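A quick write-up on the structure given underneath.
2 protein chains.
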Amino acid sequence: MTDPGVGVAAYGVDVGGTKTLGVAIGPDGAVLAERRVQTPSQAAATAAGGNGAGDSADAGRAHPGEAVADAVAAMLLELQRDVGAGGGHAVTTAAPVGIGIAGLVDSGGVLRFSPNLAAASGVAIGDLVSERIGEALAVTGVHAYNDANCTGLAELVLGAARGTRDGIVVTLGTGIGGALIVEGRVYVGVRGIAGEVGHMVIDPNGPPCTCGKRGCWERYASGGGLARLAREAALAGTLHESVRLAGGDPELVTGEHVTAAAADGDVEALRVMGELGWWVGLGLANLVAILDPERIVVGGGLGHAGEMLLEPARHALARLVVGARAREAVPVVKAALGVQGGAVGAALAARGEAPGAG
Amino acid sequence: MTDPGVGVAAYGVDVGGTKTLGVAIGPDGAVLAERRVQTPSQAAATAAGGNGAGDSADAGRAHPGEAVADAVAAMLLELQRDVGAGGGHAVTTAAPVGIGIAGLVDSGGVLRFSPNLAAASGVAIGDLVSERIGEALAVTGVHAYNDANCTGLAELVLGAARGTRDGIVVTLGTGIGGALIVEGRVYVGVRGIAGEVGHMVIDPNGPPCTCGKRGCWERYASGGGLARLAREAALAGTLHESVRLAGGDPELVTGEHVTAAAADGDVEALRVMGELGWWVGLGLANLVAILDPERIVVGGGLGHAGEMLLEPARHALARLVVGARAREAVPVVKAALGVQGGAVGAALAARGEAPGAG
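Here the protein sequences line up with chains A and B, keeping their order. Take any residue in the first sequence, note its place counting from 1, add 35, and you have its number in our numbering. Take any residue in the second sequence, note its place counting from 1, add 35, and you have its number in our numbering.
Have a look at this one:
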């Protein structure tokens, strides 16, 4: 699909709560090389530095974003080697780098707030990476973006949202991310931080969220929400197959055990997936009422569970949206780009495909 | 402000759940004439007709939207007389008519669903009004829009949202309406029905809503929500001044008694307004997380309560929005156009100020 000799158009790195995935893409968006590592842990990041807010005065000292920046810079050099050596692609021209990261990343590329990467809040992650790369890699700039907006951009340009004028892309992973597509572009709001749909409160008396509030949608409809439903069901004496997969201890049942059992057709596990889908549909119904989209694309780790999640989600959406009987159903489809979506989108954003997300 | 002899640029009528307000506006948006009547009641509307869905086959028979259409047509003729006779304005040129109505009004002007005007659902209200006007009034077209989108347009063009690129206008009345401003225009979504922020569910186990769901934001943060809070507080033995205003019977305390007592500085009533403001702020926090707006404008009957509501709402928003400490406060301001906003916006929409809302 990609000729040897094709140049690298951009690098993209998706820094997740647990994994970091990087790609080099060609001019057509095709992935020329891919790398994955564990995201440096919060503990390691904190141990590595102080607690500075990342202003220029302490640029010389170690601070919490440095471990992440080290990992990203190392990954970029590996990607360059991959495409240059084994890949045989031209790497002589400078290419831009995009970094997708969970949390509020403003239009200046500063990570304002990240529930999953709290220690790195306040950091201009792009600048840190840029310093580390130095002359070792020819780049035209390093920019940071919200990870879900990157996934949204990738789905819009190359995936399941292609041709959509007004749509919503949600990523159901550890938490929930969102990207709003408005008039054919990813809409990022006035400060660049729109789309935080996971922190829409759907029950002010609900369980505490990592963001400090209670009852955010992502407490119910994410991997974390599935883990809670799974644990409750297992401790209530159901979910036998999932408990078996967990080695017999109901305390050890995770979302992965439930999705595995459900994929094998286990009725009890499918019931839990149905409950999860109801919560997904509830939040989507809120978003549809507010935004009246043409299409909804569901990605992220849980999104890959596919129909056993999307089918009950569609059902709930159709019942819960305002004026349900008077409006056409909004298609809810699975994301097309899988786990690479965030990294590919970060690369596309760096190439300038996201005018608002600069 | 308006010279005799200035022509009518457009007519606008806001059909609310209880009142219908119409205006004729000049080229600069100034109101040349205003009329108000009670909106024909559901009972009267149902008695007047059958239950047809308004398709062309039964256009000759009476059906539920006819009472509303009769009232709007009569009001338009009165407005024409007002500006022509007493007002001395030129009415020889044809002008467009805009009608704002609560509920889902699609891009074709059909009222898809209206919790407050259920009997009129499915009706092309503009066509019904058009038939009734006939040759009696020179109009270039009659179009229907969502009422809150009209208010949003009026605030954007002439009011408190002037110059806003990305913003939110919410109307807190019997229910809650919303208009989203995106890149300087009112965003109405793919089918023209975006902005139904009042039907965002904030507690799936909450009180039943007129839309058929449970725990919609408008159950908490509207006039209906205030009535509930007031009743609860009065029956719990507090709210003494409001109970006095209600003639001494706690069962008879309404939202109006509480706003009146609060306006006079009554501490118990102000506490209830504070609680109402908390619910307003909770919903606004959800909208800010999703949309990252530059400014929020609050209108509608309750919005006119002003600071005693907006102050606690700002407080709650600042605490409840995701990443609260890492983002600038979003200004929350009172709507500028008061009760005329919806009608003026309907007139502006008819003049073509709302490209998406046609």
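Glycine is no exception: its CB is placed at the ideal position from the N, C-alpha and C atoms. Values in this document were obtained by computation on a predicted structure and should not be read as measured data.
#1: What in chain A is Cβ-close to B:Y180, meaning under 8 Å?
#2: Enumerate, from N- to C-terminal direction, the unbroken alpha helix (DSSP H) stretches of 4 or more residues contained entirely within the stretch 124-207 of chain B.
#3: Would A:I228 pass as a contact of B:D327 if the rule is Cβ separation under 8 Å?
#4: Taking only beta-carbon atoms, is B:A109 less than 8 Å away from chain A?
#5: For B:A229, go through chain A and note every residue whose CB falls closer than 7 Å to its CB, in chain order.
#6: So B:P75 and B:A106 are in contact, right, with Cβ under 8 Å, and what is the actual spacing, rounded?
#7: Measure from the alpha carbon of B:G233 to the alpha carbon of each residue in B:A130, B:A382, B:P150, B:I134, then state which is nearest.
#8: In chain order, what residues of the same chain lie with their CB nearer than 6 Å to the CB of A:A195, ignoring the 5 residues before and after it?
#9: Are the Cβ atoms of B:G230 and B:A256 separated by less than 8 Å?
#10: How is the alpha helix (DSSP H) around A:P253 delimited, first residue to last?
#11: With DSSP as the reference, label A:E329 as helix, strand or coil.
#12: Identify which residue in B:L114, B:V288, B:G161, B:I134 has its Cα closest to the Cα of B:G67.
#13: So if DSSP puts A:C54 in a beta bridge, which residue, or which two residues, is it bridged to?
#14: Would you mind reading off the limits of the alpha helix (DSSP H) that contains A:V103?
#15: Just the Cα atoms here: how many angstroms apart are B:L191 and B:A298?
#16: Which first and last residues belong to the alpha helix (DSSP H) in which A:R349 is found?
#17: Under 8 Å between C-beta atoms, does A:R266 make it to chain B?
#18: Run through DSSP, which three-state label would B:P239 get?
#19: With a threshold of 8 Å, are at least 3 pairs of Cβ atoms found where one atom belongs to the stretch 140-148 of chain A and the other to the stretch 157-175 of chain A?
#20: Would you mind sorting A:D63 into buried or exposed? The rule is 16 or more other CB atoms within 10 Å of its CB.
#21: With a cut-off of 8 Å on the beta carbons, I'd call B:A296 and B:E267 a contact; round off their distance for me.
#22: Could you pull out every residue in the same chain whose Cβ sits closer than 6 Å to the Cβ of B:V145, ignoring the five residues on either side in sequence?
#23: Would you mind reading off the limits of the alpha helix (DSSP H) that contains A:R5?
#24: Please report the straight-line C-alpha distance between A:H339 and A:A129, rounded to a whole angstrom.
#25: Roughly how many angstroms separate the alpha carbons of A:D90 and A:G176, rounded to a whole number?
#26: When you compare each of B:A262, B:E310, B:L270 to B:H292 by their alpha carbons, which one comes out closest?
#27: When the Cα atoms are used, what is the spatial distance from B:W314 to B:D238?
#28: So the candidates are A:A384, A:E346, A:A378, A:I325; which of them puts its Cα closest to the Cα of A:M110?
#29: Going straight from the alpha carbon of A:M343 to that of A:L280, what length do you get?
#30: What distance in whole Å lies between the Cβ atoms of A:L322 and A:L355, which are believed to be in contact at a cut-off of 8 Å?
#31: Is the CB-CB distance between A:V132 and A:A385 below 8 Å?
#32: Where B:A382 and B:L345 are concerned, what is the direct C-alpha to C-alpha distance, given to the nearest angstrom?
#33: What does A:I237 reach in chain B if we use C-beta pairs closer than 9 Å?
#34: Let's see if you can read the secondary structure: which residues bound the alpha helix (DSSP H) around B:R279?
#35: Using beta-carbon positions only, say whether A:V164 and A:Q375 come within less than 8 Å of one another.
#36: Under the three-state reduction of DSSP, which class applies to A:V365: helix, strand or coil?
In brief:
#1: Going along chain A, no residue has its Cβ under 8 Å from B:Y180, so there is no contact; the nearest lies around 14 Å.
#2: 160-168, 182-193
#3: yes
#4: no
#5: I325, L326, D327
#6: 5 Å
#7: B:P150
#8: V332, V368, A370, A371
#9: no
#10: Looking at the sequence provided, one finds Glu at residue 253 of chain A rather than Pro. Unbroken run through A:E253: none, as it is neither H nor E.
#11: coil
#12: A small correction: the amino acid at residue 67 of chain B is Leu; Gly does not occupy that position in the sequence shown. The residue with the shortest Cα to Cα distance from B:L67 is B:L114.
#13: Reading off the sequence, residue 54 of chain A comes out as Lys, not Cys. Beta-bridge pairing links A:K54 to A:Q73.
#14: 101-119
#15: 28 Å
#16: 342-355
#17: no
#18: coil
#19: yes
#20: exposed
#21: Contact flag wrong, Cβ pair sits at about 16 Å.
#22: A159
#23: Past the edges of chain A, shown from 36 to 393, lies residue 5 of chain A, and the structure says nothing about it.
#24: 34 Å
#25: With a pLDDT of 39 at A:D90, under the threshold of 50, the modelled position of that residue is not reliable, and no figure is offered here.
#26: B:A262
#27: 12 Å
#28: A:A378
#29: 19 Å
#30: Contact doesn't hold; Cβ gap of about 11 Å is too wide.
#31: yes
#32: 28 Å
#33: M235, V236, I237, D238, P239, G250, N321
#34: 275-280
#35: no
#36: coil
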